[in-house]
Structures are given as C-alpha cells and as structure tokens.
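Chemist: Quick note, the sequences are listed as chains Y, V and B, same order.
My numbering numbers the first residue of the first sequence as 731 and each following residue consecutively.
My numbering numbers the first residue of the second sequence as 731 and each following residue consecutively.
My numbering numbers the first residue of the third sequence as 731 and each following residue consecutively.
One structure, as structure tokens, below. Some questions next.
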Amino acid sequence: MEELTYTTVGRTELVDVTSAVAESIAGKPGSAVLVYVPHTTAAVTINEKIDAVLVADLERAFEQVVGDDWRFEHDDIDGPNGPSHGRASVIGANVVIPLRDGEMALGRYQAIFLCEFDGPKHRSVYVSVLA
Amino acid sequence: MEELTYTTVGRTELVDVTSAVAESIAGKPGSAVLVYVPHTTAAVTINEKIDAVLVADLERAFEQVVGDDWRFEHDDIDGPNGPSHGRASVIGANVVIPLRDGEMALGRYQAIFLCEFDGPKHRSVYVSVLA
Amino acid sequence: MEELTYTTVGRTELVDVTSAVAESIAGKPGSAVLVYVPHTTAAVTINEKIDAVLVADLERAFEQVVGDDWRFEHDDIDGPNGPSHGRASVIGANVVIPLRDGEMALGRYQAIFLCEFDGPKHRSVYVSVLA
Numbered sequence: 731m732e733e734l735t736y737t738t739v740g741r742t743e744l745v746d747v748t749s750a751v752a753e754s755i756a757g758k759p760g761s762a763v764l765v766y767v768p769h770t771t772a773a774v775t776i777n778e779k780i781d782a783v784l785v786a787d788l789e790r791a792f793e794q795v796v797g798d799d800w801r802f803e804h805d806d807i808d809g810p811n812g813p814s815h816g817r818a819s820v821i822g823a824n825v826v827i828p829l830r831d832g833e834m835a836l837g838r839y840q841a842i843f844l845c846e847f848d849g850p851k852h853r854s855v856y857v858s859v860l861a
Numbered sequence: 731m732e733e734l735t736y737t738t739v740g741r742t743e744l745v746d747v748t749s750a751v752a753e754s755i756a757g758k759p760g761s762a763v764l765v766y767v768p769h770t771t772a773a774v775t776i777n778e779k780i781d782a783v784l785v786a787d788l789e790r791a792f793e794q795v796v797g798d799d800w801r802f803e804h805d806d807i808d809g810p811n812g813p814s815h816g817r818a819s820v821i822g823a824n825v826v827i828p829l830r831d832g833e834m835a836l837g838r839y840q841a842i843f844l845c846e847f848d849g850p851k852h853r854s855v856y857v858s859v860l861a
Numbered sequence: 731m732e733e734l735t736y737t738t739v740g741r742t743e744l745v746d747v748t749s750a751v752a753e754s755i756a757g758k759p760g761s762a763v764l765v766y767v768p769h770t771t772a773a774v775t776i777n778e779k780i781d782a783v784l785v786a787d788l789e790r791a792f793e794q795v796v797g798d799d800w801r802f803e804h805d806d807i808d809g810p811n812g813p814s815h816g817r818a819s820v821i822g823a824n825v826v827i828p829l830r831d832g833e834m835a836l837g838r839y840q841a842i843f844l845c846e847f848d849g850p851k852h853r854s855v856y857v858s859v860l861a
C-alpha cells in the first residue's frame, strides 16, 4: 500500500491525483487498483479532467447534493461540518479501477479526483494493487 | 479484462447488464468481480430488476439528485451536460461484487445496471475478476 | 466469503459493523477487504463513528438526498419504498478498504456502517478478503 499526501486549499476542492496514482503503481502486476481516502470529510471520484469550468461545476454540485442549510447538529473540534461528512459518504471513500497491460484502464476523459469537502486540510490517499 | 458494449437510447437510462457480466466471468476463479464504466457521464449501480416501474422511478430520482436547473457552466462538444457529469460521480464508476462458489453473490432482487446519464451514446462496461 | 447478519430497528438506521468485519477477516492474508450488502434498499458507507449526533445527522441527510416527496410509483409487497431504493444506489452496495499489516487501513475516525433505508428488516453483510 502506497500513501500519497496532499494539502488542500479550498473548503470544497477537487484535486487531480491521476498521475501520482499511476506513478505509485508503475511496474506492479495485478488486475485492479484501489484508491482509498482514510478521512470522513473527503472522498474520491472519477470524472472529466479536461475542462476546469466543469471541475468548478462539480464542486458546486457536490455542495448542493447535501445542502449547507439542511439540519445538522454535529459540532466538534472541526466546527459544524455535518454537510462535509454527508458529501463524503455520497461520493464515497474508494474507487477501484481495472488494470490492462499494466496500466489503469481509464477512459479517455477520466481522471481520479481527491474530493476535499472540509478544507483546507492535510490529506492522504492510499493506493493498493489488487491481484 | 472483458469489455461489453452497449448502445443506449434515452438521455437517462438504466440498462440491466447482469447476464452479460455473469457470462463474461463464467468459469474464472477469483473472489470478486469488478464492473467498471470508463466514461464521465455514465455510471454503474446495483438495484432491483423486478419492477420496470421502479427502474423508471430510479431514472427520475437520479436526475433530481443533481438537478438540471442547478448552475452549470460546462459546455463542450457534447453540449451543456454538467448535470450528467454530476450524476455519474454521485452514482459512481464501479461496483465490486463478491464471488461465491464461482458465481456472483448477488442478492435475490439485485441486478447490475449501466446508468446512462447523457445518451443516446455507445458505451463500454469493463469486467475483471479479482483474485 | 463471510456473512454477518443484523436486525435493524429504524426505517433509516446506520449500524456500525466495523468490529464484526475486523473479526471476520482476522488472520486472513490479502491486500483489501470487500464489504458488500446483497439488498436493494440498504447500503454500506464509511464515516465517523465518534459522535452519535453526527450519525443522526447523516440518517436525516441521506433521507433528504432522495426525498420522500419526490415522484415514485413503485409499490410492491414492501410498500411504496421507491425512495429507499434510490438512497441505496446513491450510497452504494459496497466499500473496499485496503489492508496494511493484516488490518484494515481505516482512518482514525472511520467506521463502516450498514445503512438501513427500509427497516426494520433482517439484513446480511458479506465480507471477502481480496488477494
């Protein structure tokens, strides 16, 4: 298992981790790659990397899927970040991508994004090759 | 890794791919099956296959989880399909199903659905057996 | 593949299954754990286990992500539970967690939750170690 680390800047921020994931698995035999986020207010998803405008669209959309104005009572050392926890579960803590000829079989427009929902924070992304 | 191909008809459309996935892995030893969609406006999910009315319900619900009337600025060769990208990330690009005695351990009512969110289009579904 | 069983009490209820999953895989070599729910109105997610108030927040949030007042026409032996089906797909039927030194590499605050969306019911959770 490899660990990648990031420091996020925005409250909600999609960070393209595709190249770092690809480098961390280079040369390792297997049939799939597990990308996992060990946090409860961050997630990982796959979407299009080409258009920066779309990335901003997705950041806004993920904030609207679980609204800041909904009823949340959670309030801890990180503040009242209930919506951040909700978004993390809706998007999910892991993706699994098949390997083909030793490389991730990503679609032409696909990238892997760490999804920060409660930044800025230091974050880890775990990468494992499955046999 | 096997590749299944589909041509979708509707803008939003759930396509039952369960039988094709089962056929593509028949006789292959392993502990789980990865079903992966290499697109950014399509996804894969597991739900009930019995009631066609429910499938239509789910298509409408997935459109409402990320609304067409939200603010999206993305507009490329495929048109202003930001909501389609958002739905793809909320539902997710992969499912992993355990194998038991060589067959997918699906629940009695479960089926695997390719989720088209920007059709009609030609789509691929990748299937890999994990050890 | 191990099978854990639960009886849920609430209509929507998050049940912490982390310890039971950990026990079921103890001593088994591999690189990741697949946790899978063979139902169409239940799901599995990872979130914070520390604050009971947050768990209640998440239960309410997941009910709002797919609203009870949306248009659903499905009505079978379980009643008109279309929203329960929608929530199951949004949260998802599986999570995959990497193994590190024989134990799940969960983050400090992470727990694995069975998500009941149509209880009370008897539910199963499948657990498989991937090589």
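The C-beta atom is built at its ideal place from N, Cα and C for all residues, glycine as well.
Quick caveat: nothing in here was measured; it's all calculated off a predicted structure.
(1) Using Cβ-Cβ distances below 7 Å, what residues of the region 815 to 832 of chain Y are close to chain V?
(2) Just tell me which of B:M731, B:G760, B:A773 has its CA closest to the CA of E743 (chain B).
(3) To be precise: take each residue of the region 831 to 853 of chain Y, compare its Cβ to all Cβ atoms of chain V, and keep it if any distance is under 7 Å. Which residues remain?
(4) Determine the DSSP secondary structure at P828 (chain Y), reduced to helix, strand or coil.
(5) According to the neighbour-count rule (16 or more other Cβ atoms, all chains shown, within 10 Å of its Cβ), is I842 (chain Y) buried or exposed?
(6) Give the straight-line distance between the Cα atoms of Y839 (chain V) and M731 (chain B), rounded to the nearest whole angstrom.
(7) Could you check which residue in B:E833, B:V825, B:V796 has the C-alpha nearest to that of R817 (chain B)?
(8) Curious, which full-length alpha helix (DSSP H) runs of at least 4 residues does the region 750 to 796 of chain V contain?
(9) Does the count of Cβ pairs from the region 811 to 831 of chain B and the region 755 to 767 of chain B closer than 8 Å reach three?
(10) Does the Cβ of S749 (chain B) have 16 or more other Cβ atoms within 10 Å, making it buried, or fewer, making it exposed?
(11) In chain V, which residues lie with their C-beta within 9 Å of the C-beta of S761 (chain Y)?
(12) Would you report the Cα separation of K851 (chain B) and L788 (chain V), rounded to the nearest angstrom?
(13) Quick one: measure Cβ to Cβ for L784 (chain B) and E778 (chain B), integer angstroms, because I've assumed they're closer than 8 Å.
(14) Are L860 (chain B) and A756 (chain V) touching if we call contact CB-CB under 7 Å?
(15) Rounded to whole angstroms, what is the Cα-Cα separation between G849 (chain Y) and L829 (chain B)?
(16) Between which two residues does the beta strand (DSSP E) holding I842 (chain B) run?
(17) Among Y:R853, Y:D746, Y:T770, which residue has its Cα nearest to the Cα of P813 (chain Y)?
(18) CB S854 (chain Y) to CB T735 (chain Y), shorter than 7 Å?
(19) Check whether the Cβ of F802 (chain Y) lies closer than 7 Å to any Cβ atom in chain B.
(20) Could you pull out every residue in the same chain whose Cβ sits closer than 8 Å to the Cβ of H804 (chain Y), ignoring the five residues on either side in sequence?
(21) Our contact map puts L836 (chain Y) next to V747 (chain Y) with C-beta atoms below 8 Å; I'd like the distance itself, whole angstroms only.
(22) Consider the Cβ of L784 (chain Y): report whether some Cβ of chain V lies at a distance smaller than 7 Å.
Modeler: Put simply:
(1) Hits within the stretch, in order: V820, I821, G822, V825, V826, I827, P828, R830.
(2) E743 (chain B) has its Cα closest to that of B:A773, out of B:M731, B:G760, B:A773.
(3) Near chain V, meaning a CB-to-CB distance below 7 Å, the residues of the region 831 to 853 of chain Y are A835, L836, G837, Y839, Q840.
(4) In the three-state reduction of the DSSP assignment, P828 (chain Y) falls in the strand class, which pools E and B.
(5) Around the beta carbon of I842 (chain Y), a 10 Å sphere encloses 16 or more other beta carbons of the protein chains shown; the residue is thus reported as buried.
(6) Using only the alpha carbons, I get a separation of about 20 Å.
(7) Per the Cα distances, B:V796.
(8) The region 750 to 796 of chain V contains these whole alpha helix (DSSP H) runs: 782 to 795.
(9) Cβ pair count under 8 Å is three or more, so yes.
(10) When all chains shown are included, S749 (chain B) counts as exposed.
(11) Chain-ordered, the chain V residues with CB closer than 9 Å to the CB of S761 (chain Y) read M731, G760, L764, S858, V859, L860, A861.
(12) Answer to the nearest angstrom: the Cα atoms are 22 Å apart.
(13) 6 Å between Cβ atoms; contact.
(14) By the CB criterion at 7 Å, L860 (chain B) and A756 (chain V) fall outside the cutoff.
(15) Those two C-alpha atoms are separated by around 27 Å.
(16) Note, I842 (chain B): beta strand (DSSP E), 840 to 846.
(17) Taking P813 (chain Y) as reference, the option from Y:R853, Y:D746, Y:T770 with the minimal CA-CA separation is Y:T770.
(18) Yes. Within cutoff.
(19) It does; some Cβ of chain B falls within 7 Å.
(20) Residues P810, N811, G812, H815 of the same chain have their beta carbon placed closer than 8 Å to that of H804 (chain Y), with the five preceding and five following residues left out of the count.
(21) Between L836 (chain Y) and V747 (chain Y) the beta-carbon gap is near 12 Å, outside 8 Å, which marks them as no contact.
(22) For L784 (chain Y), the answer is yes, since a Cβ of chain V falls inside 7 Å of its Cβ.
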